[in-house]
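Peer 1: Those letters in the sequence shown? Residues 1 to 320, by the UniProt record's numbering. Structure provided below as structure tokens; questions to follow.
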Amino acid sequence: MDSCYDTTRRGHGFRVTNGPIVSNFNCTMYFEAPDPNLYIAVRLNKVDLRRIGQSCPTFTVYMFTGWRMDVVPDEWIGSEVRVPADPLPLMSCNCTNYLQKCPDLHFDETKGPSQKIMLSYNPDDPKRTVQRQDAFDVTLSSFLRGSSFVCPTGYFSCWHYRYRCLPDSLVCDGFDSCYDNSDEFAYSCTGRIANMTLPVFIVMVLSCVIGFSILVFVAVLIFKRQMRNRRQERTCVIGFSILVFVAVLIFKRQMRNRRQERNEWGEVVKRSSHQAFAVPVSDPLEQQQQQQQQQQQQLFPGSLPMGFDSTAAEDPRYVM
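Next comes the structure, spelled out in structure tokens:
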């Protein structure tokens, strides 16, 4: 659409480009969806507001809900014109900031159903020396806001923006109304899915599913093996700890037995730090018996020691 009038366009979608615009002539256009339950999305395909001479154009996209009657200037006494009652800017830029605020493919949408759109272009050329023909290129698309992956009959679910349900009249019409081209690359338009025929697409999907299943199976096997190895390592550590504990007990017992070793006469041998200087230690009971025998010899000289059998002394078998 390249005409610039103040009339309101009603429809599901529009492609708006400016034709030759008379210098210093404000161009204003209004758009609304035919169904009050629909929203409107606006995408700036291209905006070129560069300064030429003294011309610094301004481009603004408004949304509004209703109309009001406004009185025209004095030369049209008694005349009124219909204008938006509550315009709110969605996008606005001029020759100084259009690259930042109105970049290519930038889009926005109305905040509620049944809201309308106003496009306003002001060339701001007081000397009327510049005639622009490619200042803006805009796409407007109406849509029903629905839940993800679910659209009612007669609507198409956009692939990327899942909440957008486009009317079927905007599908396969040659214009990107979903803003991701899904409405133009759908199977119903091209007979292809993701640029592949349906059989090839099915084979690709099955291959991906099988490949993913194999990866999951291998990952589970690796995880189980790692868990089993961890359990085995834990068992080895426990077994090694038990062996060390038993070895320590055996070593301590041997050390204690070595400290209590006896010689060939039954005497307890006290081990010094040097093996060559082992000192025999007498039994306390034997020391007491020796002391008693010495005392008896002193009191009764010539008597037999305690515990000595006289019969054994007279027996020639015991004579040395």
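Every residue gets a Cβ at the ideal spot worked out from N, C-alpha and C, and that includes glycine. In this text the structure is predicted, and so the values were computed from the model without any measurement.
1) Given 8 Å as the limit, is there contact between the region 129 to 142 and the region 28 to 39, that is, 3 or more CB pairs closer than that?
2) Which value, in whole angstroms, describes the spacing of the CA atoms of CYS172 and ASN181?
3) Please confirm whether TRP67 and ALA85 have their CB atoms less than 7 Å apart.
4) Name, in chain order, the residues that DSSP records as bridge partners for GLU80.
5) Taking the alpha-carbon positions, what's the ASP176 to LEU44 distance?
6) LYS111 lies in the beta strand (DSSP E); which residues open and close that run?
7) Run through the DSSP bridge pairs and tell me what CYS93 is partnered with.
8) With DSSP collapsed to three states, give me the class of THR235.
9) Looking at ASN18: is its Cβ nearer than 7 Å to the Cβ of ALA135?
10) Does the beta-carbon of VAL279 have 16 or more other beta-carbons within 10 angstroms, so that it is buried, or is it exposed?
11) Helix, strand or coil: which one does DSSP assign to PHE14?
12) Out of curiosity, what's the CA-to-CA distance linking ILE202 and HIS12?
13) Excluding five sequence neighbours on each side, which residues of the same chain lie with their C-beta closer than 6 Å to the C-beta of THR60?
14) Alpha carbons only, please: which of GLN291, ASP104, ASP108 and ILE222 is nearest the one belonging to MET63?
15) Are there 16 or more other CB atoms within 10 angstroms of the CB of ALA186, so buried, or fewer, so exposed?
16) Alpha carbon to alpha carbon, what distance is there between MET118 and THR8?
17) Between which two residues does the alpha helix (DSSP H) containing TYR163 stretch?
18) Provide the residue span of the beta strand (DSSP E) that contains TYR39, from first to last.
19) Can you tell me whether DSSP reads ASN181 as helix, strand or coil?
20) Can you give me the C-alpha to C-alpha distance between ILE214 and VAL205, rounded to a whole angstrom?
21) Mind checking which residues open and close the beta strand (DSSP E) that includes LEU144?
22) Hey, ASN94 and THR58: beta-carbon distance below 7 Å or not?
23) Give the straight-line distance between the Cα atoms of VAL72 and LYS116, rounded to the nearest whole angstrom.
Peer 2: With the given structure in hand:
1) yes
2) 10 Å
3) yes
4) VAL71
5) Rounded to the nearest angstrom, the two C-alpha atoms are 12 Å apart.
6) LYS111 -> no beta strand (DSSP E), and no H or E assigned at all.
7) PHE59
8) helix
9) yes
10) In this prediction, VAL279 scores a pLDDT of 49, lower than 50, which makes its location untrustworthy; the coordinate-derived value is nonetheless stated afterwards. Exposed, since its Cβ has fewer than 16 Cβ neighbours within 10 Å.
11) In the three-state DSSP reduction, PHE14 falls in the strand class (E or B).
12) 34 Å
13) PRO89, SER92 and SER120
14) Residue ASP108 holds the alpha-carbon nearest to the alpha-carbon of MET63 among GLN291, ASP104, ASP108 and ILE222.
15) buried
16) 9 Å
17) Element bounds for TYR163: n/a, residue is neither H nor E.
18) 39 to 47
19) coil
20) Across the structure, ILE214 and VAL205 are spaced so that their CA atoms are roughly 14 Å apart.
21) Segment 136 to 145, the beta strand (DSSP E) holding LEU144.
22) Taking 7 Å as the Cβ cut-off, ASN94 and THR58 qualify as a contacting pair.
23) Distance between the alpha carbons of VAL72 and LYS116 is about 22 Å.
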